[in-house]
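Protein chains in written order, with the numbering used here: chain G, 11 to 705; chain L, 4 to 481. Ideal Cβ positions, reconstructed from N, Cα and C, are used throughout, including at glycine. Reading through the structure tokens given below for one structure.
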Ligand SMILES: Nc1ncnc2c1ncn2[C@@H]1O[C@H](COP(=O)(O)OP(=O)(O)OP(=O)(O)O)[C@@H](O)[C@H]1O
Ligand code: SF4
Ligand code: SF4
Ligand SMILES: [Mg+2]
């Protein structure tokens, strides 16, 4: 099948597009007055918080809005032809052949019952009618192009036999099979680990250059967009608010929302004193509750009543810049270089005595090697291997690592949901590692509490917010009467800065950030002294992440809590923690003060992690370290050093020691330890991964 | 008195109805045929944002279906409205419509109230957005109201057990011989083999069904839930054992069990009563655990609430299982006995339904127990039963409510089946199953005694299924 004729001009031109969804209650305008154009070979980023309409734009381009979605205004032109005027057949041709889309969840695009090779070969066989041999050759070529090891074996396997990162590469390969003119990527790496994400992003970038494909890259992560795209469009609540080249938008932003967004994300190049986080006040408006005039008005620092809320605001070009436009009435009046004004900086209280001590903690799971018949060979999964550390009063200890590194297992053992295989956990000098939660006394239980990751899962959907907090108070034996407990519950809502009226609400009436606050209130109900926060903000939108993080830190300051902060996001770890512990495949590979961990010498894995973090700052220079392959399975760890399959420093260790022996723990400076065979002189040679370029 | 014809003076509606129904059938056929041959059409958006649906042949056919369906519905409504005013003047249909007056009033009240407040009524309110759900709910409530009013002797025309001389197997609309002042003068749906009024028996039968089916289903659910929750929550050996048991029961020829249960020798050993002891204890255990899990942290309040709930339950339980002169005769305050037949009904319903409920609950529990709020409950030291009953069960309610509706339908059929085999309810009971069974014997000669209860059973079960469909559809949306 031939591709569309095309001379020049933009590949994709979206002009004043409006899309609405029609539910039985009302019309929900999901996208309003949205324009963007993608030139040949250009990569355009689309950033915004969840619910702002990014994916709707993508589905609109694919003309795949489902039953109740409809384009209610504007046009989408692909290679100069209006997609809205094409027939069903023409559209079917264009989808997959000229426009390809990659989704967040790789399995959504793969057929689980078909071999990879067949799925790939289908594309050119259907769309171009090529022979089977030719199709196989092409499949082999793209699989090699997406840098998968052993391409022939890959073609011969089923999707479930591959890891998440490999699946996503196959999806990318599939999209590239028909050499599309436009590739739409909808959060393609959100489901992947940081180091795997870095490799996939690198790949997408290189392939875009090699094939000359235009890209529409949708993401909520400004750092990722900076690394992949040439131009950028920021969306807020259904509208494009700023549009321009990466340099213009990052360095000369002209919209208050873009500015607020940048100020609310931590940068790993700076700590909290050098660059405090400023959260955006208020909440994202729901589509049917948008204010009159500027959508960002209620949360904008520069809001001017009578002007900003007078009527619809159009995109206006920023004079002097190339194709840079903003949707703000006052952009020429605002002093964009004014320094950030922040409230008083509270000094951190110094860490006190040791409250929690882990010594050589081990947790092994025994799993049946053969799932169907329980008997026979049993395998041991070493989820935690000789974990040792101390945590002090009012200290924040960050635990960093990717999936499967044993973070959650460690939390489970600490909480008493599992008992340790070996080693000790001392809480105030008392052993608790063998005491399951049923056998712990109320005091111990209320002392060690947890904040969970997923805000949509953390509260029981069928119970009011107040009831859930009150229940925690009842269980912890706080208050003598119902009235007293109710009072305490309302105080807890005050503590997490929620209105008291929320006590009678059901969780579904709360936003993600608000739910997470309730989760925090619940954890502190019994006056917790140790709080394990398992990625408490990673599922939240950037604009509320800062507020929730600050809240956690403030409560910690006041209550002198020990915070164990589990995260894979090194930016936020740098921002809030005193000490950092890096884990890989159940091992603690590095442990030390935040400054020690974030500056060389690094453990090779820490170095790679740091390099993988996308940073939304054009003045930062980063060394690119791309790790080969995926994280090995904990069921089948490599012999010797756990990191040896992906380590780029391995050759510096003589005699293949890395492949034979698990490295011992080495103490470098006071309190800084790494688990690596590298010699001192090699460690000396390491240079910082993140450098702020000289202005 | 003259015999009544079916439609009396509103017979002029009949040709209209037949025409409308015929057209409806034809248009449905055409619509299906067109749908099979023409491709899907696409809504086209104009520049201004207005939408024009390309009115192809498919659109026309769909319109025809809608119009003819509406016409049929309007004519059917006309029968009822005219009948309401003309009574026996409009023949049997008219008389029936008039007798059902309380049911119509109740239905109209219920629907207007529900629709006007539907936004505030949660899932129940959403039901009124789905036509399928509304039809189903209407059918179900029709029989529920019929049953309730029938229980107050409001709708029935005669005593369902009384036999009138000369009315044996008489056709519908036959005037009652020697009717006295104040007696209803016709057997509207005819007389049965024992010269009893078929219509009144059908109405009374509705009460039997409405009374027993939901209650028995609730018992089945309690058993299924109480076993399914721990199986799903703990998993492991307990789960393997209970699942095996459930499969075993599902494979067991249940009808054999029922026959055994009513055999006099077995009854004499007291076995059915012992089964009742176990079965009827479930609600007490269920509510006891439920409340204790919630209030255990406040011992005094706990004790009070448990006493308030459990003491009446216990009294009822003892009255239920205790029967003077039988194997279990230990309790002095015996207010009522349960007829042995009812017990068979309960045991069989629990036996047939609880394994399936068990499986649904187990699956849902396995899914829900991985949620963070369950982990949060665990980490604050909640006991397993609190987590199962207060954290897991409420969040499994959607699928369970849908299944409950379906299962009442099965139970109704099972009740009919049991009645048909002469098991369960007493022989003169007016319940639909027994009535159909009696009618069966003379089916080739007299159709009319068996038909009304059969249609009643069919429409109730259909209504329950539609209701379940509507609920499922609505609970999935937004
Ligand atoms: N109950 C269990 N049985 C067997 N293996 C387990 C069990 N729980 C955890 N594991 C294994 O232990 C290893 C560590 O798992 P853990 O859940 O602690 O990782 P994690 O770092 O929290 O990952 P993520 O960030 O994805 O949540 C994994 O390989 C996992 O498969
Ligand atoms: S128009 Fe007004 S409210 Fe909107 S972003 Fe600009 S200054 Fe803020
Ligand atoms: S021990 Fe060897 S393989 Fe492991 S991190 Fe150090 S250099 Fe790399
Ligand atoms: Mg985890």
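Taking 7 Å as the threshold, the shortest C-beta distance from residue 388 (chain G) to chain L does not fall below it. Interface annotation, residue 460 (chain G): in contact with chain L, CB-CB separation under 7 Å.
Distance from the CA atom of residue 353 (chain L) to the CA atom of residue 471 (chain L), rounded to whole angstroms, is 20 Å. DSSP places residue 111 (chain L) inside the alpha helix (DSSP H), whose first and last residues are 104-119. Any heavy atom of ligand 3 counts here; residues with a Cβ closer than 6 Å to one of them, in chain order, are G:614, G:651, G:653, G:654, G:657, G:659, G:660, G:663, G:668, G:673, G:686, G:687 and G:688. With a cut-off of 6 Å, the C-beta of residue 312 (chain G) is classified as near ligand 2, since at least one heavy atom of the ligand falls inside that distance.
No Cβ-Cβ contact shorter than 7 Å links residue 187 (chain L) with residue 149 (chain L).
Here DSSP, grouped into helix, strand and coil, assigns residue 396 (chain G) to strand. DSSP places residue 689 (chain G) in the coil class of the three-state scheme, outside both helix and strand. Using beta-carbon distances, residue 376 (chain L) counts as an interface residue toward chain G, with a partner under 7 Å. In this chain, the beta strand (DSSP E) harbouring residue 243 (chain G) covers 241-246. Within the region 466-507 of chain G, the complete alpha helix (DSSP H) runs of at least 4 residues fall at 475-485 and 492-505. Assigned with DSSP and collapsed to three states, residue 305 (chain L) falls in helix.
The Cβ atoms of residue 197 (chain L) and residue 175 (chain L) do not sit closer than 7 Å to each other. Around the Cβ of residue 148 (chain G), a 10 Å sphere holds 16 or more other Cβ atoms; the residue is buried. Contact between the region 547-555 of chain G and the region 516-524 of chain G is present: 3 or more CB-CB pairs across the two stretches fall below 8 Å.
Residues of chain G with a Cβ closer than 9 Å to the Cβ of residue 398 (chain L) are, in chain order, 470, 471 and 472.
The bridge partners DSSP lists for residue 249 (chain G) are G:246. By DSSP's assignment, residue 597 (chain G) forms a beta bridge with G:594.
Close to residue 485 (chain G), with beta-carbon spacing below 7 Å, are these residues of chain L in chain order: 300, 383, 384 and 385. A straight line joining the alpha-carbon of residue 420 (chain G) with that of residue 198 (chain G) spans about 30 Å. The beta-carbon of residue 427 (chain G) is placed less than 7 Å from the nearest beta-carbon of chain L.
By the 16-neighbour rule on beta-carbons within 10 angstroms, residue 634 (chain G) is exposed. In the DSSP assignment, residue 426 (chain L) falls outside any alpha helix (DSSP H) and carries neither an H nor an E. Per DSSP, residue 66 (chain G) lies in no beta strand (DSSP E); the unbroken alpha helix (DSSP H) holding it starts and ends at 64-71. Linking residue 170 (chain L) to residue 97 (chain L) through their CA atoms gives a straight-line distance of about 21 Å. Contact residues of the region 188-214 of chain L toward chain G are absent (C-beta to C-beta distance below 8 Å). Closest option to residue 117 (chain L), judged by alpha-carbon separation, among L:141, L:103, L:102 and L:94: L:141. Within the same chain, Cβ atoms closer than 6 Å to the Cβ of residue 68 (chain L) are found at 30, 31 and 34, the five residues on either side in sequence being excluded. In its chain, beyond the 5 residues on either side, 112, 116, 119 and 120 have a beta carbon closer than 7 Å to the beta carbon of residue 181 (chain G). Under a 10 Å Cβ-count criterion, residue 517 (chain G) is classified as buried, with 16 or more other Cβ atoms of the shown protein chains found around its own Cβ. The three-state reading of DSSP puts residue 539 (chain G) in coil, since its state is none of H, G, I, E or B. As the crow flies, the alpha-carbon of residue 242 (chain L) is around 29 Å from that of residue 264 (chain L). With fewer than 16 other Cβ atoms inside 10 Å of its own Cβ, residue 346 (chain G) counts as exposed. Under the three-state reduction of DSSP, residue 189 (chain L) is assigned to strand. Where residue 677 (chain G) is concerned, the enclosing beta strand (DSSP E) starts and stops at 675-679.
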